[in-house]
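> After the structure tokens below, expect a handful of questions from me.
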Amino acid sequence: MTPTPPAGQLDALDASLGVVPAAGDRRRHPAPAHLVFFHGPMDCGKSTLALQVDHNQSRQGRHGLLLTQGDRSGTPQISSRVGLQRAAVELDADTDVRLLVRDRWAAGHRVDYLIVDEAQFLTGEQAEQLAELVDESHVDVYAFGLTTDFRTRLFPGTQRLFELADDVQRVQVEVLCWCGLPGLLNARVVGDAVVREGATVVVADTAPALQPEATPAAGEAAVRYQVLCRRHFSRGQLGPTPTGPGQLALR
Numbered sequence: 003m004t005p006t007p008p009a010g011q012l013d014a015l016d017a018s019l020g021v022v023p024a025a026g027d028r029r030r031h032p033a034p035a036h037l038v039f040f041h042g043p044m045d046c047g048k049s050t051l052a053l054q055v056d057h058n059q060s061r062q063g064r065h066g067l068l069l070t071q072g073d074r075s076g077t078p079q080i081s082s083r084v085g086l087q088r089a090a091v092e093l094d095a096d097t098d099v100r101l102l103v104r105d106r107w108a109a110g111h112r113v114d115y116l117i118v119d120e121a122q123f124l125t126g127e128q129a130e131q132l133a134e135l136v137d138e139s140h141v142d143v144y145a146f147g148l149t150t151d152f153r154t155r156l157f158p159g160t161q162r163l164f165e166l167a168d169d170v171q172r173v174q175v176e177v178l179c180w181c182g183l184p185g186l187l188n189a190r191v192v193g194d195a196v197v198r199e200g201a202t203v204v205v206a207d208t209a210p211a212l213q214p215e216a217t218p219a220a221g222e223a224a225v226r227y228q229v230l231c232r233r234h235f236s237r238g239q240l241g242p243t244p245t246g247p248g249q250l251a252l253r
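Residue numbers (this note's numbering): 3 to 253.
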């Protein structure tokens, strides 16, 4: 039988464990952590799922850190179109996620898991930092992001997460194109036309009509996004023509 250390030694051990409180009891009883990436097109409920995962984790007494980048609200938070929202830490391309977590540890806060929304905007290096936190510090990471950009190309962050994640899951909430087929691709719409060139990141909402506060300046075309099926993305068709589906539109 292993002898029980004196009470003073136990107190010192507990204090040392509290200096870097990564993943709670996993410091004392190491267990594999996981990097999970949830992806899909716009409007499939990624942010809602992110907040639900955070809720489920926190109910079990775990402590999380919420991260985001370029949330639609324009503020440092994770927000969903169903009205849920929570404050989050805003990332930029220069943020070292490892240092962000270690600063929390140094301040005496536990970090058992990370919720990373808008993960498509991560750099490849930041995705690697998340994997390092999983492997070396036993911190679970749940990342949520778009699959492809408006050119149907993988975002850099998405691609690296596909390559590194322990588990990759497509969000199961089905998004429909206007024709009723599954919507898979994110079209960027300027004015009333689908555009296929431009900056990779242009933050805008997906609502068909602009809100009053989002009205563009004089001379500027409105920018929005719309989910389309592959066929109508290729055609650049945002809705039915007066002649009906499958017929040529006369001009």
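Ideal Cβ placement from N, Cα and C applies to all residues, glycine included. All of these numbers come straight from a predicted model, not from anything done at the bench.
Just how far apart, CA to CA, sit V99 and L132?
The residue given as residue 99 occupies position 97 in the sequence shown. The residue given as residue 132 occupies position 130 in the sequence shown. Going by the C-alpha atoms only, they are around 7 Å apart.
> By DSSP, does D142 sit in helix, in strand, or in coil?
As a position in the sequence shown, residue 142 is number 140, starting the count at 1. D142: strand per DSSP, three-state reduction.
> Excluding the 5 residues flanking V91 on each side, which residues of the same chain have their C-beta closer than 6 Å to its C-beta?
What you label residue 91 is simply residue 89 of the sequence shown in a count that begins at 1. So the qualifying residues of the chain are L69.
> Rounded C-beta distance between P158 and G200? I'm assuming under 8 Å.
As a first step, residue 158 is located in the sequence shown; it is residue number 156 there, counting from the start. As a first step, residue 200 is located in the sequence shown; it is residue number 198 there, counting from the start. The Cβ separation is near 16 Å, so there is no contact.
> Alpha carbon to alpha carbon, how far is Q54 from C179? Give it in angstroms, no decimals.
The residue given as residue 179 occupies position 177 in the sequence shown. The residue given as residue 54 occupies position 52 in the sequence shown. Looking at the two C-alpha atoms, the distance is approximately 26 Å.
> Whose C-alpha, out of L166, R162, I117 and Q239, is nearest the C-alpha of R190?
Numbered from its first residue, the sequence shown carries residue 190 at position 188. Considering only alpha carbons, the answer is Q239.
> Going by Cα to Cα distance, which pick from D114, T150 and A167 is closest to Q128?
Stepping through the sequence shown from its first residue, residue 128 is reached at position 126. It is A167.
> Tell me which same chain residues have a C-beta within less than 6 Å of the C-beta of V177, skipping the five on either side of it?
The count along the sequence shown starts at 1 and reaches residue 177 at position 175. Cβ within range, chain order: P43, D45, C46, G185 and V229.
> On the CB-based measure, 16 or more other CB atoms within 10 Å of its CB, does A52 come out buried or exposed?
Locating residue 52 in the sequence shown gives position 50, counting from the first residue. Buried is the call here.
> To the nearest angstrom, how far is it from the Cα of H57 to the Cα of A224?
By one-based count along the sequence shown, residue 57 stands at place 55. By one-based count along the sequence shown, residue 224 stands at place 222. About 36 Å.
> Taking buried to mean at least 16 other C-beta atoms within 10 Å of its own C-beta, is T243 buried or exposed?
Counted from its first residue, the sequence shown places residue 243 at position 241. T243 comes out exposed.
> Would DSSP call P158 helix, strand or coil?
As a position in the sequence shown, residue 158 is number 156, starting the count at 1. P158: helix per DSSP, three-state reduction.
> Give me the Cα-Cα distance between L86 and K48, rounded to the nearest whole angstrom.
Here residue 86 refers to the residue found at position 84 when the sequence shown is read from its first residue. Here residue 48 refers to the residue found at position 46 when the sequence shown is read from its first residue. Rounded to the nearest angstrom, the two C-alpha atoms are 12 Å apart.
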